[in-house]
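Working notes, structure below.
Chains as they are written, first to last, in this note's numbering: chain A, 186 to 451; chain B, 41 to 372.
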């Protein structure tokens with residue numbers, strides 16, 4: 186069981202506040218989605234939760250232990266992080282790419298131990314990459330690359346998985362697949378936090394939602410209770426409807442009429 | 041199983057390079073203005089003494105310098121290409137070589153070189169360090185394109201200052217000395233130069249060899265590498281100090297020798313699955329092979345009139361063109 190607790194996170198850049206007093210909790214077994222408009226501070230929040238960026242104020246703790254007490258290696262073994270649009274810069278094979286996820290637990294010198302080779306094998310199988318293992322990672326399609334990156338992130342068996350915009354640039358099938366996989370990883374017992382723009386995916390797959398508005402926490406709680414037309418209108422300035430369909434919840438939006446009127450009659 | 045095949049290909053590449061190095065090394069000891077036969081070294085007569093003199097005091101230090109300088113250029117090219125994730129990076133394109141050259145030129149210009157033999161390599165080291173710091177400071181945070189642009193800006197500055205030194209040289213002989221040194225050569229070197237530069241080069245190489253695993257993680261970009269526990273500041277420091285030491289000392293002894301650092305990693309990269317850490321040793325060997333071969337060609341085929349640095353530049357530039365054309369084809 187892993188608990189991640191952030192209290193009073195504040196980040197300022199050039200006198201402008203990016204995050205202001207954001208507090209949140211996430212637990213293992215849950216898929217926590219961070220939602221909010223462009224520039225709401227989602228990526229900054231994820232970088233801070235991942236320990237890559239230090240907040241100007243506030244603390245983060247994992248199981249009661251403050252994040253800054255972890256060494257780089259300890260933290261790397263504990264949590265995996267995928268940035269927006271992760272890329273591989275050299276045409277290394279998919280197998281090698283996935284193996285890079287083991288960097289924090291590799292012995293200092295020498296070849297890959299047998300036990301770790303088996304983990305790579307398992308990750309390739311779990312993410313349907315066995316047929317691609319020798320292919321250069323730079324030649325993968327967007328959907329395949331996103332699977333390979335997820336495999337890279339979980340091959341080291343971290344407790345916490347933090348992913349920034351995992352569905353950006355993916356077609357509907359692969360976006361669904363990515364969201365399903367994150368949900369499945371949470372169901373396995375991992376603590377999963379991801380920022381998502383597709384609110385229907387959030388409504389269907391996330392168990393918990395954290396909503397950011399202009400760097401402030403707008404709401405957080407179970408996905409089913411939080412995602413309301415009112416909240417989405419506040420966050421995105423659009424009229425939204427959240428309806429239940431046979432396939433699950435569906436979030437639809439239209440331009441907000443009142444906001445258009447406001448603009449016309451200042 | 042596939043990892044075993046990769047492992048084998050590594051051994052195969054290393055074996056080929058070591059055989060080439062041995063063959064070229066033997067040729068380098070035996071060929072030149074005086075052609076030697078191995079059996080002459082054991083002769084008790086005057087011819088034997090002469091052969092031993094040529095071998096031990098002229099050819100052997102030259103061979104050792106070629107190995108050290110070629111190796112450090114090949115290695116630093118591989119590290120800098122891995123660090124910047126740019127196939128065009130090398131000590132030359134990042135301004136390090138020209139910084140070291142400026143240091144050497146300063147040592148000659150101010151007459152320090154004639155008083156202390158160690159002045160050229162030491163100022164070469166300092167120049168390389170300053171250039172590297174300038175390049176990284178200027179290109180920081182702007183990605184690899186910014187780094188390459190910063191490198192060419194720093195190179196321009198160093199070249200301008202070298203031109204200034206040539207322009208203001210007290211007499212034509214000083215200008216001639218500077219320009220001759222700049223052309224790069226490992227001819228007429230003695231053991232003292234080996235002892236002078238060797239320790240710095242070896243220390244630089246040792247630091248560069250420590251970057252392997254971090255460079256691998258960096259194939260995923262800086263954010264992912266950091267999330268995997270890589271200390272990017274330490275990595276930059278190792279690459280910076282290692283390159284400045286190795287290339288600074290190498291340039292200090294031999295003058296500016298370009299393109300070995302650019303070409304060597306490209307020769308071995310496709311054979312080794314593109315993984316940066318697997319390139320380091322083969323690229324070091326390939327750099328030594330290239331420099332040794334270039335030295336032999338200038339010494340034997342073309343004759344002593346052509347300087348080594350000029351030859352590597354002439355041969356290396358078309359390779360640079362080819363790389364640019366290939367990159368342009370791949371660009372969207």
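Ideal placement from N, C-alpha and C gives every residue a C-beta, glycine not left out.
Task: Rounded C-alpha distance that separates residue 409 of chain A from residue 271 of chain A - done: Numbered from 1 along the first chain, position 224 holds the residue referred to as residue 409 of chain A. Numbered from 1 along the first chain, position 86 holds the residue referred to as residue 271 of chain A. For residue 409 of chain A and residue 271 of chain A, the distance between alpha carbons rounds to 30 Å.
Open item on the list: With a threshold of 7 Å on Cβ separation, who are the neighbours of residue 276 of chain B within its own chain once the five nearest residues in sequence on each side are excluded?
Closed with: Walking along the second chain from the start, residue 276 of chain B turns up at place 236. Closer than 7 Å at Cβ, skipping near neighbours: 176.
TODO: Could you check what DSSP says for residue 305 of chain A in three-state terms: helix, strand or coil?
DONE: Your numbering for residue 305 of chain A matches position 120 in the first chain. Reduced to three states, the DSSP call for residue 305 of chain A is helix.
Task: Which listed residue (B:138, B:273 and B:120) has its alpha carbon closest to that of residue 130 of chain B - done: For the purposes of this step, residue 130 of chain B is taken as residue 90 along the second chain, with counting starting at 1. The residue with the shortest Cα to Cα distance from residue 130 of chain B is B:120.
Task: Anticipated Cβ contact below 8 Å, residue 183 of chain A with residue 339 of chain A, distance rounded - done: One cannot answer for residue 183 of chain A here, as it falls past the ends of chain A, which runs 186 to 451.
Task: Coarse secondary structure for residue 216 of chain A, derived from DSSP in three states - done: Walking along the first chain from the start, residue 216 of chain A turns up at place 31. Residue 216 of chain A: strand per DSSP, three-state reduction.
Open item on the list: Comparing C-alpha positions only, which one of B:143, B:319, B:217 and B:195 sits nearest to residue 51 of chain B?
Closed with: Position 11 of the second chain, counted from the start, is the residue given in the question as residue 51 of chain B. Closest option to residue 51 of chain B, Cα to Cα, is B:319.
TODO: Enumerate in chain order the residues of its own chain whose CB-to-CB distance from residue 81 of chain B is below 8 Å, with the five nearest sequence positions on each side excluded.
DONE: As a first step, residue 81 of chain B is located in the second chain; it is residue number 41 there, counting from the start. Only 88, 91, 92 and 95 meet the Cβ criterion.
Open item on the list: Going by DSSP in three states, residue 329 of chain A sits in which element: helix, strand or coil?
Closed with: Within the first chain, the letter at position 144 stands for residue 329 of chain A. Three-state result, residue 329 of chain A: helix.
TODO: Could you check if residue 41 of chain B is buried or exposed, using at least 16 other CB atoms within 10 Å of its CB as the buried criterion?
DONE: Residue 41 of chain B sits at position 1 when you count from the first residue of the second chain. Only weak support is given to the placement of residue 41 of chain B: the predicted model assigns it a pLDDT of 41, under 50, and the value that follows is read from those uncertain coordinates. Answer is exposed; the Cβ neighbour count stays below 16.
Open item on the list: If you measure between the beta carbons of residue 434 of chain A and residue 393 of chain A, is that distance less than 9 Å?
Closed with: Translated into the one-based positions of the first chain, residue 434 of chain A becomes position 249. Translated into the one-based positions of the first chain, residue 393 of chain A becomes position 208. Cβ atoms of residue 434 of chain A and residue 393 of chain A: not closer than 9 Å.
Task: Residue from B:321, B:190, B:257 and B:278 with nearest C-alpha to residue 269 of chain B - done: Residue numbering aside, residue 269 of chain B sits at position 229 when the second chain is read from its first letter. Ranking the options by Cα distance to residue 269 of chain B, first place goes to B:257.
Open item on the list: Could you compute how far the alpha carbon of residue 304 of chain B sits from the alpha carbon of residue 118 of chain B?
Closed with: As a position in the second chain, residue 304 of chain B is number 264, starting the count at 1. As a position in the second chain, residue 118 of chain B is number 78, starting the count at 1. If you take the alpha carbons of residue 304 of chain B and residue 118 of chain B, they lie about 8 Å apart.
Task: Short-range partners of chain A found in the stretch 106-137 of chain B, where Cβ spacing is below 8 Å - done: 125
Open item on the list: Cβ closer than 7 Å: which chain B residues qualify as neighbours of residue 373 of chain A?
Closed with: Numbered from its first residue, the first chain carries residue 373 of chain A at position 188. Under the 7 Å cutoff, chain B gives no residues; its nearest Cβ is about 20 Å from residue 373 of chain A.
Task: residue 368 of chain A - containing alpha helix (DSSP H), residue span - done: Locating residue 368 of chain A in the first chain gives position 183, where the first residue counts as 1. First-last of the alpha helix (DSSP H) with residue 368 of chain A: 357-372.
- [ ] Spell out a yes or no on whether the stretch 236-250 of chain A and the stretch 276-296 of chain A are touching, meaning 3 or more CB-CB pairs, one atom from each, closer than 8 Å.
- [x] no
- [ ] Closer than 7 Å, Cβ to Cβ, to anything on chain A: give me those residues from the stretch 241-254 of chain B, in chain order.
- [x] 253
Open item on the list: According to DSSP, is residue 97 of chain B part of a helix, a strand, or is it coil?
Closed with: Taking the second chain and counting its residues from 1, the one referred to as residue 97 of chain B is at position 57. Of the three classes helix, strand and coil, the one that applies to residue 97 of chain B here is helix, per DSSP.
TODO: Return the CA-CA distance between residue 259 of chain B and residue 124 of chain B, expressed in angstroms with no decimal places.
DONE: On the second chain, residue 259 of chain B is found 219 positions in, with the first residue counted as 1. On the second chain, residue 124 of chain B is found 84 positions in, with the first residue counted as 1. Spanning the two alpha carbons is a distance of roughly 10 Å.
- [ ] Taking only beta-carbon positions, decide if residue 264 of chain B is within less than 9 Å of chain A.
- [x] As a working mapping, residue 264 of chain B is identified with position 224 in the second chain. Yes - at least one Cβ of chain A is within 9 Å of the one on residue 264 of chain B.
- [ ] Please look up how many angstroms separate the CB atoms of residue 140 of chain B and residue 167 of chain B, rounded, as I've assumed it's under 8 Å.
- [x] Reading the second chain from its first residue, position 100 is the one you call residue 140 of chain B. Reading the second chain from its first residue, position 127 is the one you call residue 167 of chain B. So it is a contact: roughly 5 Å between Cβ atoms.
TODO: For the stretch 215-227 of chain B and the stretch 222-232 of chain A, state whether three or more C-beta atom pairs, one from each stretch, are separated by less than 8 Å.
DONE: no
Task: DSSP-derived helix/strand/coil call for residue 314 of chain B - done: Looking up residue 314 of chain B in the second chain gives position 274. Reduced to three states, the DSSP call for residue 314 of chain B is coil.
Open item on the list: Within 10 Å of its beta-carbon, does residue 126 of chain B have 16 or more other beta-carbons around it, so buried, or fewer, so exposed?
Closed with: Walking along the second chain from the start, residue 126 of chain B turns up at place 86. Buried, by the Cβ-count rule.
Open item on the list: Using 8 Å for Cβ pairs, my map puts residue 367 of chain A next to residue 220 of chain A. What's the rounded Cβ distance?
Closed with: Stepping through the first chain from its first residue, residue 367 of chain A is reached at position 182. Stepping through the first chain from its first residue, residue 220 of chain A is reached at position 35. Rounded, the Cβ-Cβ distance is 14 Å, inconsistent with contact.
Task: Burial state of residue 146 of chain B, where buried means 16 or more other Cβ atoms lie within 10 Å - done: Sequence index remark: in the second chain, residue 146 of chain B carries index 106 (1-based). The residue in question, residue 146 of chain B, is buried, as its Cβ has 16 or more Cβ neighbours within 10 Å.
TODO: Look up residue 217 of chain B in the DSSP assignment and say whether it is helix, strand or coil.
DONE: On the second chain, position 177 is the one that residue 217 of chain B refers to. Correct three-state label for residue 217 of chain B: helix.
TODO: Please confirm whether residue 179 of chain B and residue 244 of chain B have their CB atoms less than 9 Å apart.
DONE: One-based indexing of the second chain puts residue 179 of chain B at position 139. One-based indexing of the second chain puts residue 244 of chain B at position 204. Contact: no.
Task: Inter-stretch contact at 8 Å, needing at least 3 Cβ pairs: the stretch 188-201 of chain A / the stretch 354-367 of chain A - done: no
Task: Buried versus exposed, by CB contacts within 10 Å (16 or more), residue 186 of chain A - done: Here residue 186 of chain A refers to the residue found at position 1 when the first chain is read from its first residue. The residue is exposed, with fewer than 16 neighbouring Cβ atoms inside 10 Å.
Open item on the list: Is residue 268 of chain A close to the ligand NAD? I mean its beta-carbon at under 8 Å from any heavy atom of the ligand.
Closed with: The ligand NAD is not part of the structure shown, which contains no ligands of any sort.
Open item on the list: Does any residue of chain A have a CB that is nearer than 9 Å to the CB of residue 316 of chain B?
Closed with: On the second chain, residue 316 of chain B is found 276 positions in, with the first residue counted as 1. Answer yes: the Cβ-Cβ gap between residue 316 of chain B and chain A drops below 9 Å somewhere.
Task: Host alpha helix (DSSP H) of residue 246 of chain A (start-end) - done: Here residue 246 of chain A refers to the residue found at position 61 of the first chain. Taken as a continuous stretch (DSSP letters only), residue 246 of chain A belongs to no alpha helix (DSSP H), being part of the beta strand (DSSP E) at 242-247.
TODO: Measure the alpha-carbon distance for residue 398 of chain A versus residue 267 of chain A and round it to whole angstroms.
DONE: Position 213 of the first chain holds residue 398 of chain A. Position 82 of the first chain holds residue 267 of chain A. Cα-Cα distance, rounded: 23 Å.
TODO: Can you tell me which of the three DSSP states residue 233 of chain B falls into?
DONE: As a working note, residue 233 of chain B is residue 193 in the second chain. In the structure shown, residue 233 of chain B sits in a helix (DSSP, three-state: H, G or I).
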